[in-house]
Ligand code: KE4
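Numbering (the working numbering), first residue to last: 172 to 599.
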């Protein structure tokens with residue numbers, strides 16, 4: 172058993188200062204019980220906590236650290252830029268360079284605007300879709316999480332789902348009435364709503380591969396239904412790639428799923444661990460954003476030189492090294508190894524994976540939407556989570572989160588993880 176004394180003391184103190192002792196509920200260990208672990212530093216594929224314990228990290232800051240922690244290219248880029256200053260409130264060459272990289276990588280993106288978080292990206296993209304179409308309603312899907320702006324915090328996934336708080340207090344009825352929440356991977360539910368009020372719907376926002384109810388890939392029929400309602404009703408497709416962008420493929424999950432959205436949002440990896448979000452898409456739509464157009468959006472630290480430098484270093488390293496084939500091999504090995512171990516010990520487990528993004532659901536499966544994900548045995552997940560923690564393996568602290576593999580993970584790390592999981596299954 173790991174000694175977690177200092178983390179416990181740190182959490183007790185943090186509880187006096189911060190609501191729930193954290194700055195984001197996903198970190199609070201609410202779904203698994205016990206106290207969150209306070210991290211002192213990280214290196215490569217590993218986290219080191221304030222008690223000196225080392226963990227193999229499958230959270231990677233909820234996705235951004237695809238190169239692993241403290242990658243030399245990112246550190247060198249930050250060391251160079253920080254000597255020149257940290258923020259100017261004026262344009263820099265870094266913003267244009269990061270924009271070039273995103274536009275070059277993602278075929279559907281002709282123009283992009285940087286913000287400081289995924290929430291800002293999706294909130295701004297929704298406003299742009301409404302401004303461009305002149306329509307008020309939006310469609311989202313249960314179990315999909317797009318950040319915490321009011322119109323999107325309705326039957327959200329991620330930590331909201333974990334805490335069973337589908338509609339957060341403080342979100343007004345007036346806001347929620349324009350948000351329609353449908354089941355994911357369900358073409359008929361989509362067609363029904365569009366037949367009723369398709370002409371009022373500005374956009375459909377979706378995760379191309381859901382990470383926020385655990386990993387749930389989009390099925391081809393649903394993909395085709397999304398494309399059909401866009402053609403038939405003139406609604407915009409808003410592909411939320413905050414988590415999947417540069418994660419499942421350099422060209423985005425949209426290139427793997429085979430969907431061409433009107434707008435795309437980004438975050439996480441494009442900041443390389445610093446605060447960057449972005450929204451982008453067709454020029455005819457993006458040119459409506461102030462000051463080119465009339466749709467307002469602004470941000471003091473948007474395109475900040477430090478954050479964009481980290482993002483540039485991350486994307487350029489991904490482009491140069493192309494870790495995706497190796498990440499696929501490691502993901503496949505991990506998925507098969509843990510599923511075999513579960514089978515051997517009679518543990519009901521179902522896995523969903525795309526590339527280096529995956530989730531093991533404690534149930535028979537298949538998991539294709541929120542209702543099926545919610546049937547998972549969250550108590551068994553919590554017991555598994557803590558058993559892995561005490562073996563030095565750091566899984567996401569919720570059944571309804573995706574886990575990730577970095578380019579710093581090795582085959583030996585995967586083997587160790589499979590062995591630890593088999594150990595855990597013995598005592599479940
Ligand atoms: P941020 O505002 O947290 O940067 O991004 C919001 C967001 C938007 N879209 C998708 C698909 C996302 O996954 C997220 C944020 N993801 C969660 C993890 N599931 C962030 C973790 C947290 O909330 O602390």
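Even glycine gets a Cβ: it sits at the ideal position worked out from N, Cα and C.
Remember, predicted model here, so these are calculated numbers, not experimental data.
Residue i to residue j span [Cα, whole Å]
i           : j           : result
residue 220 : residue 391 : 42 Å
residue 457 : residue 271 : 15 Å
residue 568 : residue 192 : 15 Å
residue 492 : residue 402 : 38 Å
residue 177 : residue 356 : 44 Å
residue 459 : residue 369 : 23 Å
residue 264 : residue 249 : 15 Å
residue 385 : residue 532 : 8 Å
residue 559 : residue 224 : 13 Å
residue 551 : residue 599 : 7 Å
residue 587 : residue 593 : 10 Å
residue 519 : residue 395 : 32 Å
residue 310 : residue 576 : 31 Å
residue 510 : residue 522 : 7 Å
residue 497 : residue 578 : 8 Å
residue 516 : residue 179 : 33 Å
residue 181 : residue 209 : 7 Å
residue 463 : residue 295 : 15 Å
residue 495 : residue 418 : 9 Å
residue 258 : residue 512 : 50 Å
residue 373 : residue 541 : 24 Å
residue 228 : residue 213 : 9 Å
Neighbour-count burial assignment, residue i, 16 or more Cβ in a 10 Å radius
i           : result
residue 583 : exposed
residue 204 : exposed
residue 488 : buried
residue 301 : buried
residue 254 : exposed
residue 267 : exposed
residue 262 : exposed
residue 366 : exposed
residue 328 : Here residue 328 scores only 46 on pLDDT, less than 50, and its place in the model is too uncertain to base an answer on.
residue 412 : buried
residue 363 : exposed
residue 331 : Low per-residue confidence applies at residue 331: pLDDT is 47, beneath 50, and the placement is therefore not dependable, though the value from the model is reported in the following sentence. Classification for residue 331: buried.
residue 467 : exposed
residue 333 : Note on residue 333: pLDDT 40, under 50, position unreliable in the model; the coordinate value appears next. Result: buried.
residue 308 : buried
residue 287 : buried
residue 195 : exposed
residue 174 : exposed
residue 514 : exposed
residue 291 : buried
residue 345 : exposed
residue 340 : exposed
Bridge partners - residue i, DSSP secondary structure assignment
i           : result
residue 530 : 523
residue 443 : 445
residue 421 : None; residue 421 has no bridge partner.
residue 430 : Residue 430 is not bridged to any residue.
residue 455 : Per DSSP, none; premise fails for residue 455.
residue 210 : 220
residue 325 : 338
residue 350 : 309
residue 374 : 309 and 407
residue 359 : Answer is none; residue 359 lacks a bridge partner.
residue 589 : None; residue 589 has no bridge partner.
Identity of the residue in the options nearest residue i by Cα
i           : options               : result
residue 438 : 235, 495, 380 and 472 : 235
residue 529 : 571, 314 and 512      : 571
residue 247 : 540, 316 and 484      : 484
residue 242 : 183, 382, 440 and 597 : 440
residue 318 : 414, 304, 214 and 359 : 414
residue 393 : 423, 419, 425 and 359 : 359
residue 211 : 222, 175 and 595      : 222
residue 343 : 361, 312 and 323      : 323
Pairing CB atoms from the segment 471-484 with CB atoms from the segment 436-456, are three or more of them under 8 Å? yes
Would you call the segment 523-542 in contact with the segment 183-190, where contact means no fewer than 3 C-beta pairs closer than 8 Å? no
Is it true that the segment 403-410 meets the segment 430-443, where meeting means three or more beta-carbon pairs spaced less than 8 Å apart? yes
For the pair the segment 288-300 and the segment 451-466, tell me if three or more CB-CB distances fall below 8 Å. yes
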